[in-house]
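Q: Protein chains in written order, with my numbering: chain A, 253 to 495; chain G, 253 to 495.
Structure in structure tokens, see below.
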DNA sequence: ATGCAGGACTGACGCAAAGCAGCCTGAGGC
DNA sequence: GCCTCAGGCTGCTTTGCGTCAGTCCTGCAT
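This is the structure we're talking about:
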């Protein structure tokens, strides 16, 4: 029986209708299950022939370290996300991926992926689409850093996380569980941890969002979206492009 | 005769060995030549069923506009670059692309691209690789905005442009022609135009780079790379992954 | 030749965010 | 019980960058 319920196949079929053969190829990805403990570096920048992973449970983050030791988090990965694709395509990883919580994931090796592309061409198109969605998110983060104030950035990040978690069935209208520390937020938003703290306080005092004890509660969704200029368009799962 | 010299096929074959049939499919992309005058918006954010383009001559930039009118330039496109891929994959464009100079480009329509993927599977893989290289650049820009000072950002941008132009045979060791205004730089680097001017002056006075009258001259390449923490890895054209 | 617009350039001033320095709390470890 | 350490939190000082408010130069249209 084909595993129609795997997070990745659910994500990919949203874009490209896949044949049973395609799905069978995909299902093979789900066989190499691995577990990582919190803090483990799943992929190191500069590593050659790294694997990619499909996240089943837990959170991760991908980042780059600058010569002076500063770190810039590029994105967070939540269940259902593909991670490390570029480290396969480029042979050597251009970023690091670290487990934030305990993680369960399926390992995808380079030959698996390349074979899949050769034998199941529609898969390549589907993965292209998934990669493009990731790029759209990175672009949104870029706009965030370039042109929004600290409060706006924070609001945007929290809304995005909420929306993404909602898409995979985690969290609800009111809020979501969030294992990130203020250091994570700072490194993602290009702020200092101290300033993150002040920003969170202001948002809380203004009755917009509350982030405390590992839980984010959106107190005033409409006002928060307004502040952040948040538009879900870039996250939308539009219908299949290829039938 | 197949057009082996088209900029796109040169770029894609660097990664994936393409068959004659693949190349013939690709060559079809080069037939719909178009010209745009400086300032023309080739793709509008929100536009549905926009085309993509392959740039032959001239410069473009892709950007997003925020509700308050601010603009964030995500990347500049130079000859050989693919632009607007996401506007095809997502049906509706998530960013705007504007011609900076007069432009000559080949139009790629949605059906062309999807047919190509269906009939020439290796092409999809090749385009995935090209899209991933673009993503790697956007990630680098993200790091730039998040964790580098104004001078470092500027140095990084100018070095990147120089390196990219060099890869397609434009410019030389000493410098390159650059049609960007200080407003373009400001919108790409998340700075004000006024501050861009100050930064350029300081870099010039420190004998690092000179950007004047449409030409960038790198006065002290080593010191400039050092300042920017510039590492060409993310631009490298590594050998074919799929043979 | 005159007016005008776009782009480069400058100085004065104010603010948002960084840096520094330190305190408080809770969870583990011994 | 005490110690340590990570993470959250706060006040004060400093600074990088934006904003405002211009000037100057060049090319173009009238």
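Backbone N, C-alpha and C define an ideal beta-carbon position, used for all residues, glycine too.
Under 7 Å between C-beta atoms, does residue 447(A) make it to chain G?
A: It does not; no Cβ of chain G falls within 7 Å.
Q: Just verifying my parser: in three-state terms, what is the DSSP assignment at residue 467(A)?
A: Note: residue 467(A) maps to strand in three-state DSSP.
Q: Go through its chain and collect everything with a Cβ distance to residue 258(A)'s Cβ below 6 Å, but skip five positions before and after it.
A: Answer for residue 258(A): 282, listed in chain order.
Q: Output, in chain order, the set of chain G residues within a Cβ distance shorter than 7 Å of residue 398(A).
A: What residue 398(A) touches in chain G: 324, 397, 442.
Q: In three-state DSSP terms, what is residue 392(G)?
A: Correct three-state label for residue 392(G): helix.
Q: Report back the beta-carbon spacing between residue 306(G) and residue 358(G) to the nearest angstrom; my notes put them in contact at under 8 Å.
A: Correct: roughly 5 Å between the Cβ atoms.
Q: By the criterion of Cβ-Cβ separation under 8 Å, what are the contact partners of residue 338(G) in chain A?
A: By Cβ distance, chain A contributes 384, 387, 388.
Q: Name the residue from 480(A), 487(A), 451(A) whose alpha carbon lies nearest to the alpha carbon of residue 418(A).
A: The candidate whose alpha carbon is nearest that of residue 418(A) is 487(A).
Q: Buried or exposed for residue 331(G), going by 16 or more other Cβ atoms inside 10 Å?
A: Residue 331(G) comes out buried.
Q: Give a yes or no on whether 7 Å exceeds the smallest Cβ distance from residue 331(G) to chain A.
A: Chain A, which has no Cβ nearer than 7 Å to the Cβ of residue 331(G), makes this no.
Q: Following the continuous alpha helix (DSSP H) through residue 340(A), name the residue where it begins and the one where it ends.
A: It spans 337-341 - the alpha helix (DSSP H) in which residue 340(A) sits, taken as one unbroken run.
Q: Which runs of the alpha helix (DSSP H), 4 residues or longer, sit entirely within the stretch 349-406 of chain A?
A: Segments of the alpha helix (DSSP H) lying fully in the stretch 349-406 of chain A: 362-371, 373-399.
Q: Tell me which same chain residues have a C-beta within less than 6 Å of the C-beta of residue 301(G), skipping the five on either side of it?
A: If we look at residue 301(G) and ignore the five residues flanking it on each side, it has no Cβ neighbours.
Q: In chain G, what lies closer than 7 Å to residue 435(A) by C-beta?
A: In chain order: nothing, as chain G lies at least about 14 Å away.
Q: Ignoring anything shorter than 3 residues or poking outside the stretch 402-450 of chain A, list the beta strand (DSSP E) runs there in chain order.
A: Entirely contained in the stretch 402-450 of chain A, the beta strand (DSSP E) runs reaching 3 residues are, in chain order, 427-429.
Q: Please state whether DSSP places residue 308(A) in a helix, a strand or coil.
A: The answer is strand: DSSP assigns residue 308(A) an E or B state.
Q: Output yes or no for whether 7 Å exceeds the beta carbon distance between residue 290(G) and residue 351(G).
A: Against a cut-off of 7 Å, the Cβ pair of residue 351(G) and residue 290(G) comes out as a contact.
Q: Relative to the alpha-carbon of residue 362(G), which residue among 466(G), 293(G), 303(G) has its alpha-carbon at the smallest distance?
A: Looking at the Cα atoms, 303(G) is the closest of the given residues.
Q: Are the stretch 387-405 of chain A and the stretch 310-317 of chain A in contact at 8 Å, needing three or more beta carbon pairs?
A: No, because fewer than three Cβ pairs between the stretch 387-405 of chain A and the stretch 310-317 of chain A fall closer than 8 Å, the two stretches do not touch.
Q: Going along chain A in order, which residues have a C-beta closer than 9 Å to the C-beta of residue 369(G)?
A: Going along chain A in sequence order, the residues near residue 369(G) (Cβ under 9 Å) are 373, 374, 376, 377, 380, 494.
Q: Provide the residue span of the alpha helix (DSSP H) that contains residue 277(G), from first to last.
A: Per DSSP, residue 277(G) belongs to the alpha helix (DSSP H) from 272-281.
Q: Please list, in chain order, the residues of the stretch 259-285 of chain G that have any C-beta partner in chain A closer than 7 Å.
A: Answer set for the stretch 259-285 of chain G: empty.
Q: Any Cβ of chain G within less than 7 Å of the Cβ of residue 341(A)?
A: Yes - at least one Cβ of chain G is within 7 Å of the one on residue 341(A).
Q: Assuming residue 440(A) and residue 476(A) make a contact with CB atoms under 8 Å, what is their CB distance in whole Å?
A: Contact doesn't hold; Cβ gap of about 17 Å is too wide.
Q: Which residues, in order along the stretch 472-487 of chain A, keep a beta-carbon less than 7 Å from a beta-carbon of chain G?
A: Residues passing the 7 Å Cβ filter: 481, 485, 486.
Q: Is the shortest distance between the beta-carbon of residue 394(G) and the beta-carbons of chain A less than 7 Å?
A: Yes, residue 394(G) counts as interfacial toward chain A.
Q: Please list the terminal residues of the continuous beta strand (DSSP E) segment that includes residue 239(A).
A: In the structure displayed, chain A extends from 253 to 495; residue 239(A) sits before or after that span and is not available.
Q: Can you grab the Cα-Cα spacing for the pair residue 298(A) / residue 342(A), in whole Å?
A: If you take the alpha carbons of residue 298(A) and residue 342(A), they lie about 10 Å apart.
Q: Give the single residue among 338(G), 288(G), 345(G) whose Cα lies nearest to the Cα of residue 381(A).
A: The residue with the shortest Cα to Cα distance from residue 381(A) is 338(G).
Q: Looking at the strands, I want to know which residues DSSP matches up with residue 314(G).
A: Per DSSP, 327(G), 349(G).
Q: Using a Cβ-Cβ distance cut-off of 7 Å, determine whether residue 391(A) contacts chain G.
A: At least one chain G Cβ lies under 7 Å of residue 391(A).
Q: Taking the alpha helix (DSSP H) that residue 475(A) falls in, what are its first and last residues?
A: 473-480 is the span of the alpha helix (DSSP H), which, as asked, contains residue 475(A).
Q: What would DSSP say about residue 284(G), mapped onto helix, strand or coil?
A: It is coil, neither helix nor strand.
Q: Anyone know if the C-beta pair for residue 470(A) and residue 442(A) falls short of 7 Å?
A: Result no, Cβ atoms of residue 470(A) and residue 442(A) do not sit closer than 7 Å.
Q: With residue 432(A) and residue 448(A) assumed to form a contact (beta carbons below 8 Å), what rounded beta-carbon distance in angstroms separates them?
A: With a Cβ gap of about 10 Å, residue 432(A) and residue 448(A) do not count as contacting.
Q: If contacts are defined as beta-carbon pairs under 8 Å, then residue 459(G) and residue 472(G) qualify, I think. What distance do you get, rounded to the angstrom?
A: Confirmed, Cβ separation roughly 6 Å.
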